[in-house]
Structure formats: structure tokens, C-alpha cells
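Reading through the C-alpha cells given below for one structure.
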Amino acid sequence: MKNSSGVAQLFLRIAMGSIFLIVVMDRLGWLGAPGSHGVSWGDWKHFIDYTSTLLPFLNRSLANFAGLIATIAEALFGLCLIIGLKIKWVALGAAILTLCFGLSMAVFVSLNAPFSYPVFVFTGASLVLSGLNRYQWSIDNYLAGKKV
Numbered sequence: 001m002k003n004s005s006g007v008a009q010l011f012l013r014i015a016m017g018s019i020f021l022i023v024v025m026d027r028l029g030w031l032g033a034p035g036s037h038g039v040s041w042g043d044w045k046h047f048i049d050y051t052s053t054l055l056p057f058l059n060r061s062l063a064n065f066a067g068l069i070a071t072i073a074e075a076l077f078g079l080c081l082i083i084g085l086k087i088k089w090v091a092l093g094a095a096i097l098t099l100c101f102g103l104s105m106a107v108f109v110s111l112n113a114p115f116s117y118p119v120f121v122f123t124g125a126s127l128v129l130s131g132l133n134r135y136q137w138s139i140d141n142y143l144a145g146k147k148v
């Protein structure tokens, strides 16, 4: 079945982009304090504690740096997916980041940890999105039309 309207890719972009932005807001404390209902971290310290769990071979300073890089990447991925900028490359970056995250969870937390959250579903969805040829309702699509 051909999805000529692009509704599915638009929905996927908005959903994925929103989730990336929500996890960034969580670790910055914008969704509530640590321990609040629906809050995973609640602040930077708790997020870096978890980052240290996933990357136990890094000292605290390097875990903080890795957490900062991941946070910047996730914020950029979220914004770019929602507005539709450089979707193919952003989706590939998201796939790599979530695959690394899921593998670290499986190795350093438990084998079922990445399956308790949609980590590998996110990886697969990112790969599917990166494989599309056209992204209707996006800046990419607008810019492609301008080049004609």
C-alpha cells in the first residue's frame, strides 16, 4: 500500500521528536522532581547516576560529558524531526544513539531492560524513517522543491 499523503512519516517524526524532547526535559527537571510520578530522573544528577550505570567504565567526569553529548544530540534530534530538517541523517543518528543505549542497558543493567522501554522499537523506527525517499510536510521537502 502506498502512503502518498505522508501522514505515517509525519506522525512518526512528531512522536519520535516529542519523546526525545520529553526525555531531555525530564533530565533537566522540567517535568518534576526526582521521584515524582512519571518522572524518570528529575534532575541532572540522577540522570548522570544512570549514565554512570550504563557506562561503568567512565569516571564521573566523563559520564557527565557523555550525558551532555547525549542530551544535546537528543534535543537536536527532537527539534529536527519535528520540523523536518535533515531527517535522513537525524534518523540515522537517532538509530545509532538508541542502539548504543539499548545495548548498554542490556549489558550493564539487564537483558530485559531495553525491552521494558521501547528502545529497540525506537532504533527500528529511526531506521525505517531514514530509509524513506520523501518527507512531506517538512523543511527538507520544501527545500527540495526550491531546487527544482
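Heads up, the sequence shown is in UniProt numbering, so the first residue is 1 and it goes up one at a time.
Yeah, the Cβ is synthetic: ideal placement off N, Cα and C, and Gly gets one too.
Let's see if you can read the secondary structure: which residues bound the alpha helix (DSSP H) around D26? V7 to R27
Indicate whether at least one CB of chain C lies closer than 8 angstroms to the CB of A70. Looking at the structure shown, chain C is missing, and only one protein chain is on hand.
With the cut-off set at 8 angstroms, would you say L54 and M105 are in Cβ contact? yes
Rounded separation between S36 and K146 - CA only: 47 angstroms
How big is the Cα-Cα spacing for A125 and A75? 18 angstroms
Is it buried or exposed for M1, if we count other Cβ within 10 angstroms and need 16 for buried? Caution applies to M1, whose pLDDT of 45 falls short of 50 and renders its modelled position unreliable; the value that the coordinates give is listed next. The residue is exposed, with fewer than 16 neighbouring Cβ atoms inside 10 Å.
Thinking C-alpha only, which one of M16, I69 and F47 is nearest A95? M16
Taking three-plus beta-carbon pairs below 8 angstroms as touching, is the segment 128 to 139 in contact with the segment 27 to 36? no
How many Å lie between V107 and A63 at the Cα? 17 angstroms
Residues in the same chain with beta-carbon distance under 6 angstroms from F122, minus the five sequence neighbours each way, listed in chain order, please. T98
C-alpha gap between F47 and K86, whole angstroms: 28 angstroms
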